[in-house]
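S.K.: Here you go, one structure.
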């Protein structure tokens, strides 16, 4: 994305954070500079901002959860926080907002599909939150995080349970035996991909793919749950 187009995109993000008066944007611009770009061109990357943004994001989310759900236990709050701040969720919000077009990546990383890398997108989102905090204060960061990310994350109790755990609970309740996973690595080191097939008593029930073994296994578990629930006529798996 060219410089002026990037600045227009950034100004749109700032409006979403409630920022109307914009001066120099050195922190914001740095938040969009990946380490691969800095190594090729020289200068600083967004890694320090990412470090700060992780804590700022965690503080905003933890405070919101504490105030919004006064009856939940520590464990229940922790489950919801983990779902909100995990890389996969942050990457979805970053891509929806157009971070993938605005990130400055090195040539090699861009050619390797870096704009679609969930970790890079999530880290850039965290760096941007830190930049908002440093340049415009905690309220701007809070508004952006709550309106543009937290409000769009599914916090339904069923969705909070790990799909692999749900599958194991189902198979144990119906005396079907324990699930086993057959994982296959694909892709490249820069753009890893995995496929997993879950079997019960040697019978394949579902397959899934993801950027990590864990993500692929979770997708496979969801597919298996749908197969089992469909066969039994039950509802509620999503």
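Residue numbers (full-length UniProt numbering): 1 to 238. A virtual CB, placed ideally from N, CA and C, is assigned to each residue, including glycine.
#1: Let me make sure I understand the geometry here. Which of 96, 166, 192, 131 has the alpha-carbon closest to that of residue 149?
#2: Assign residue 234 to one of three DSSP states: helix, strand, or coil.
#3: Threshold first: 4 residues or longer. Then list the alpha helix (DSSP H) segments lying entirely within the UniProt domain "RNase III" (10–137), N to C.
#4: Would you tell me roughly how many angstroms separate the C-alpha atoms of residue 238 and residue 215, rounded to the nearest one?
#5: Is DSSP giving residue 140 helix, strand or coil here?
#6: For residue 147, which of helix, strand or coil comes out of DSSP?
#7: Less than 8 Å between the C-beta atoms of residue 176 and residue 201, yes or no?
#8: For residue 99, which residues of its own chain have a beta-carbon under 8 Å away from its beta-carbon, when the five flanking residues on both sides are left out?
#9: For residue 139, which of 209, 105, 18 has the nearest alpha-carbon?
#10: Residue 141 to residue 219, Cα distance in whole Å?
#11: Using only alpha-carbon positions, find the residue among 174, 77, 207, 89 that is nearest to residue 154.
#12: Threshold first: 3 residues or longer. Then list the beta strand (DSSP E) segments lying entirely within the UniProt domain "DRBM" (162–230), N to C.
#13: For residue 119, collect the residues of the same chain with a Cβ closer than 7 Å to its Cβ; drop the 5 residues on either side in sequence, then sort them by chain order.
#14: By alpha-carbon positions, which one of 223, 205, 198, 151 ends up nearest to residue 64?
#15: Report, in whole angstroms, the separation of the C-beta atoms of residue 169 and residue 196, which I expect to be a contact under 8 Å.
#16: Alpha carbon to alpha carbon, what distance is there between residue 184 and residue 231?
#17: Determine whether the beta carbon atoms of residue 205 and residue 227 lie at a separation below 8 Å.
#18: For residue 212, which residues in the same chain have their Cβ closer than 8 Å to its Cβ, ignoring the five residues on either side in sequence?
M.R.: Taking the definition as stated:
#1: Checked all of 96, 166, 192, 131; the closest Cα to residue 149 is 96.
#2: Residue placement at residue 234 cannot be trusted, given a pLDDT of 43 that sits under 50; what the coordinates show is reported in the next sentence. For residue 234, the three-state secondary structure derived from DSSP is coil.
#3: Fully enclosed alpha helix (DSSP H) runs of no fewer than 4 residues occupy 26–31, 35–41, 47–68, 74–85, 87–97, 99–102, 107–111, 118–136 of the UniProt domain "RNase III" (10–137), in order along the chain.
#4: The predicted position of residue 238 is uncertain, since its pLDDT is 39 and thus under 50; a value taken from the coordinates is nonetheless stated next. Here the alpha carbons of residue 215 and residue 238 stand approximately 16 Å from one another.
#5: Residue 140: helix per DSSP, three-state reduction.
#6: Note: residue 147 maps to helix in three-state DSSP.
#7: The answer is yes: Cβ separation under 8 Å.
#8: Contacts found: 32, 121, 124, 125, 128.
#9: Measuring from the Cα of residue 139, the nearest candidate turns out to be 18.
#10: Spanning the two alpha carbons is a distance of roughly 32 Å.
#11: Nearest C-alpha to residue 154: 89.
#12: Taking only runs of at least 3 residues, the beta strand (DSSP E) segments lying wholly in the UniProt domain "DRBM" (162–230) are 179–187, 192–200, 203–210.
#13: 87.
#14: With distances taken between Cα atoms, residue 64 lies closest to 151.
#15: The pair is not a contact, with the Cβ atoms about 19 Å apart (cut-off 8 Å).
#16: If you take the alpha carbons of residue 231 and residue 184, they lie about 27 Å apart.
#17: Between residue 205 and residue 227, the C-beta gap is smaller than 8 Å, which places the two residues in contact.
#18: Same-chain partners within the cutoff: 192, 194.
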